[in-house]
Ligand code: ATP
Ligand code: MN
């Protein structure tokens, strides 16, 4: 049995001399005048291809090898040799080439010419075979791994919070309803009032928008925990930074105040960027060449700088005094729009910025109220181009203030009985934040549209594949 090898490893000089089995897809093939074919093969394991040299003497040369085109799948048995060609240190000399599947060049969409990312989205079943999507996918994998490593090294427990929930984390927020009721049937019977006792959970249920409240339960008993799972938002926002289904990482820590929370968020992002630069070097070179020629430098700068920390109130002053015309006016007490966030991080500071102490009137009930009675201990981490990448806060752990805030926001206290219990029994200061995985991938890959950093994007009107 020959050793199976990945293209990534077959490209390493240290493997010269090995007799191997290689399996993958043809990127290109060309004939040499000297009576053989050069076949560029990729199997998803690296940005670079391996060049396979197939001699005209091979028994299936005329029947199969000569008609190989982009997209065909094959197996090659052969030997890794030093390559004389430019830009590669090894090549594979084939002893046998077995074709698994052909790909009709008249209909196979991924021909040599470059396609727009919009077009590639329509071919979500084939885009993993492209250079850019391969790079994005490997980087996404690296970041996911890094996230787990980071938290595990810092003694966090990975917990799983529910996907189906009957509580709405933000007290508002657009949610997808989950039901087993047959809407067609209810329509046909012209039912005008739906009884939730007919439904699966005997009450309205939804897809989660955040695992925070449940993560707080575990933090208030086990110290430091994090979730990493899918979250859903039914907002009708057709932007380049919003998905209806995305992956969120939510750490929640007992005995952490807002400063500890900001320190953790900064350390966490820097660790992700460091790992991407180190472990995805080849893919990042590709991104730097093809997508944004400043991205590697930007990430290197961020890793070695200190994030700017600024109270919301000061940010408003900067925005009001900067002389720039914004589409939305800036006023203390309103949420900052993406144009404001981007001005601060891209133009004014030109580095990541952590804004904190937001007006309490625009923030949810669970955020810790400052003594000034006007602000809460909230924080957002902003980065150039993407804007908000992390949102978090110190949580209100004082039962009287929490309940007052819930009443202010017309929430049903009984529905949150367990959340209030955490403040009645052994309440502790605690904090946490949420990082959108796709926002971070979008940032490190400099991809303009968030739909191109998730395998199968869900957005209003789009749920194909
Ligand atoms: P935004 O203001 O950008 O819409 P948000 O304030 O509604 O975001 P949070 O509820 O604070 O978002 O969610 C925490 C994090 O999850 C955000 O900082 C962001 O990284 C990510 N996120 C939020 N909504 C989306 C979305 N629709 N698609 C992708 N990522 C998202
Ligand atoms: Mn937010």
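Residue numbers (the numbering used here): 188 to 652. Every residue, glycine too, gets a C-beta built ideally from N, C-alpha and C.
Straight-line CA distance for residue i to residue j?
i, j, result
"residue 408", "residue 343", "12 angstroms"
"residue 510", "residue 495", "21 angstroms"
"residue 453", "residue 385", "47 angstroms"
"residue 503", "residue 574", "16 angstroms"
"residue 517", "residue 590", "31 angstroms"
"residue 310", "residue 295", "11 angstroms"
"residue 457", "residue 393", "34 angstroms"
"residue 514", "residue 465", "40 angstroms"
"residue 436", "residue 618", "14 angstroms"
"residue 582", "residue 319", "40 angstroms"
Just reading off the beta strand (DSSP E) that residue i is part of, what are its end residues?
i, result
"residue 395", "Careful: residue 395 lies outside any beta strand (DSSP E) and carries neither H nor E."
"residue 278", "277-288"
"residue 567", "562-570"
"residue 440", "432-441"
"residue 225", "223-229"
"residue 628", "Not the beta strand (DSSP E): residue 628 falls in the alpha helix (DSSP H), residues 624-632."
"residue 234", "Looking at the DSSP string, residue 234 is not in any beta strand (DSSP E), and its letter there is neither H nor E."
Given 7 angstroms as the limit, tell me if residue i has its C-beta closer than that to any heavy atom belonging to the ligand MN.
i, result
"residue 447", "no"
Buried or exposed, going by whether 16 or more other CB atoms sit within 10 Å of the CB of residue i?
i, result
"residue 584", "buried"
"residue 359", "Low per-residue confidence applies at residue 359: pLDDT is 48, beneath 50, and the placement is therefore not dependable, though the value from the model is reported in the following sentence. Exposed."
"residue 291", "exposed"
"residue 442", "exposed"
"residue 448", "buried"
"residue 219", "exposed"
"residue 596", "exposed"
"residue 630", "buried"
"residue 369", "exposed"
"residue 550", "buried"
For the alpha helix (DSSP H) that residue i lies in, which residues bound it at each end?
i, result
"residue 331", "318-340"
"residue 471", "468-477"
"residue 512", "Looking at the DSSP string, residue 512 is not in any alpha helix (DSSP H), and its letter there is neither H nor E."
"residue 614", "First-last for residue 614: undefined, no H or E at that position."
"residue 712", "Here the chain covers residues 188 to 652 and nothing more, so residue 712 does not appear."
"residue 529", "525-529"
"residue 353", "Element bounds for residue 353: n/a, residue is neither H nor E."
"residue 491", "482-491"
Can you check which of these residues, the options, is closest to residue i by C-alpha distance?
i, options, result
"residue 403", "390, 650, 517, 347", "347"
"residue 651", "432, 549, 473, 455", "432"
"residue 383", "499, 649, 189, 364", "364"
"residue 235", "303, 208, 473", "473"
"residue 501", "193, 519, 569, 549", "519"
"residue 391", "398, 381, 429", "381"
"residue 615", "599, 305, 440", "440"
"residue 460", "310, 554, 551, 570", "570"
"residue 337", "306, 451, 434", "451"
"residue 547", "576, 580, 223", "580"
"residue 506", "492, 525, 619", "525"
"residue 397", "350, 430, 372, 248", "350"
Would you check whether the ligand ATP has a heavy atom nearer than 7 angstroms to the C-beta of residue i?
i, result
"residue 637", "yes"
"residue 529", "no"
"residue 515", "no"
"residue 435", "yes"
"residue 430", "yes"
"residue 622", "yes"
"residue 645", "no"
"residue 585", "no"
"residue 458", "no"
"residue 301", "no"
"residue 625", "yes"
"residue 582", "no"
"residue 592", "no"
"residue 420", "yes"
Mind listing, in chain order, the residues whose beta carbon lies closer than 7 angstroms to a non-hydrogen atom of the ligand MG? Here the bound small molecules are the ligand ATP and the ligand MN; the ligand MG is not part of this structure.
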